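Working notes, beginning with the structure itself.
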Amino acid sequence: MKNVGRMGIHYLQRLNAENVPKDLIEKGQARVIEASLTLIRERAKLKLEFIAFLSMLYKDVHVYASCSLLDSSIWLSVTLRYPKAISGLIFLGNKFENGGELLRALGGVAASASLLGVPLGHNSSFLQGPAFAPPRIREAIWCGSTNSTTEEGKDLNDPRVLTDVGDVPVQELRDCGVDDDRLMNIISESVKLVMEEDPLRPLVLGGDHSISFPSVRAVSEKLGGPVDILHLDAHPDIYDAFEGNKYSHASSFARIMEGGYARRLLQVGIRSITKEGREQGKRFGVEQYEMRTFSRDRNLLENLKLGEGVKGVYISVDLDCMDPAFAPGVSHIEPGGLSFRDVLNILQNLKGDVVAADVVEFNPQRDTVDGMTAMVAAKLVRELTAKISK
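Just so you know, we're using my numbering here: the sequence shown kicks off at 1345 and counts up by one.
This is the structure in structure tokens:
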């Protein structure tokens, strides 16, 4: 029963679907998959065109317009006040094939972070609460208790800095019987669809840590080569398989390394590691920095330089890399971790082109002190946005 509980009883199974013709099920699943990818694709296109629109206004009339393209009153007021800018936008829109080309012509936006939620929790080995994390993180980002400016001075209200393409509909896909092999492919394709709309770069909100495998795979395949990975975590997540599950959140980096999607993998904050974890680390040439030697390694880790000779840097932050005093809302509480400022120092001082990132393993069901961990996750997202956007 333990296995059944973890994998979930899909709606398709509850309908007694063994009596439904297999080809009919497959056609239905294909339609659901295509609809989910279309949703991400069209949202990413919309966000890019919106950024191009605002960049045109910023450049030619110096106006700030944090508004929705669907708001007709905003359109009317902008059209009446800035007819030359709108005429210029129409002219340029006809001249360039897409918003990405227009942005490059206008200049000023080389990379823009784009949130992509992946509410997946069934590959957790203990608790499945991380599936509920993406909306809680978004809520904390925009809750109003803090301003929208990062420590480096970037404003998240500026759509050229941060956009949001919504969530991969994980539960709907699983409810129609999509297995993990296909689900991982759908997550990868969703990440690629965000990257199609250059200069958007994915900032993925988990979900458990199993989502890092399809995300890194997508980034590597889309860019045409391996990346360097900075992985902050209490655990190495490098089991060949955990409890028989090759897609377990405890196995994501084994899948990444055996696939050749990373050249270097640096794991920081490790303080719960087994013999197999160390052996797997040696097998894949992983650079594992444990908390017991952090005081000795601090200067090195706060002055990292990654990404040279590869396609860029991918950052993966499991919230349990931090001591539970800073982030109690995680499934696997492990005392003796990094402080929040330790994490920020490592991220902010990192030198390298950050092409994508993820924040994973926030479990809202374990959070305490009025959403404390949600605010920590939101702050991480803000500072990662500053690292990605240019």
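Note that the Cβ used here is the ideal one computed from N, Cα and C, for glycine as well.
This structure is a prediction, so every number in the text was calculated from the model and none was measured.
Within its own chain, the residues whose Cβ lies closer than 6 angstroms to the Cβ of residue 1560, once the five positions on either side in sequence are excluded, are 1600, 1605, 1658, listed in chain order.
Beta-bridge partners of residue 1706 (DSSP): 1674.
The three-state secondary structure of residue 1617, taken from DSSP, is coil. The C-beta separation of residue 1653 from residue 1697 comes to about 12 angstroms, leaving the pair out of contact by the 8 angstroms criterion. Looking at 1392, 1460, 1644, 1387, the one whose alpha-carbon comes closest to that of residue 1702 is 1460. Less than 7 angstroms divides the Cβ of residue 1535 from the Cβ of residue 1562. One alpha carbon belongs to residue 1571, the other to residue 1393, and they sit about 28 angstroms apart.
Residue range 1477-1485 is occupied by the alpha helix (DSSP H) that includes residue 1483. Judged by beta-carbon spacing, residue 1553 lies within the 7 angstroms limit of residue 1704, meaning their Cβ atoms are closer than that value. Closest in alpha carbon position to residue 1514, among 1609, 1384, 1546, 1632, is 1384.
Spanning the alpha carbons of residue 1467 and residue 1476 requires a straight line of approximately 14 angstroms.
With contacts defined as CB atoms closer than 7 angstroms, residue 1717 and residue 1668 fail to qualify as a contacting pair. Minimum Cα-Cα distance from residue 1690 among the listed residues 1706, 1649, 1709, 1721 corresponds to 1649. Looking at the DSSP output, residue 1698 bridges to 1657. In the same chain as residue 1664, and ignoring 5 residues on each side of it, the C-beta atoms closer than 8 angstroms to its own belong to 1577, 1578, 1579, 1671, 1674, 1675, 1676, 1677, 1678, 1681, 1705, in chain order. Taken through DSSP and simplified to helix, strand or coil, residue 1498 comes out as coil. As for any alpha helix (DSSP H) of minimum length 4 sitting wholly inside the segment 1558-1623, the runs are 1596-1602, ordered along the chain. Taking a C-beta distance under 7 angstroms as the contact criterion, residue 1581 and residue 1557 do not qualify as a contact pair.
About 38 angstroms separates the beta carbon of residue 1592 from that of residue 1504, a gap too long to meet the 8 angstroms contact definition. Boundaries for residue 1667: no alpha helix (DSSP H) harbours it, and the DSSP string shows neither H nor E there. Check the Cα spacing between residue 1486 and each of 1508, 1473, 1496: the tightest is with 1508.
Going by C-alpha positions, residue 1374 is about 20 angstroms away from residue 1463. Contact check for residue 1567 against residue 1661 fails: the beta carbons are separated by 7 angstroms or more.
In this structure, DSSP gives residue 1455 a state outside helix and strand, which the three-state scheme calls coil.
Nearest Cα to residue 1651 within the set 1694, 1684, 1371: 1694.
Per DSSP, the beta bridge partners of residue 1506 are 1457. In the three-state reduction of the DSSP assignment, residue 1511 falls in the strand class, which pools E and B. In this chain, the beta strand (DSSP E) harbouring residue 1548 covers 1544-1550.
An exposed status is given to residue 1713, since fewer than 16 other beta-carbon atoms sit within 10 Å of its beta-carbon. With contacts defined by Cβ atoms closer than 7 angstroms, residue 1474 and residue 1549 do not form a contacting pair. A residue is called buried when at least 16 other Cβ atoms come within 10 angstroms of its Cβ; residue 1525 does not meet this threshold and is exposed. Taking residue 1643 as reference, the option from 1539, 1687, 1603, 1629 with the minimal CA-CA separation is 1687. The beta carbons of residue 1458 and residue 1537 sit no closer together than 7 angstroms.
Following the DSSP letters along the chain, one finds residue 1632 inside the beta strand (DSSP E) bounded by residues 1631-1634.
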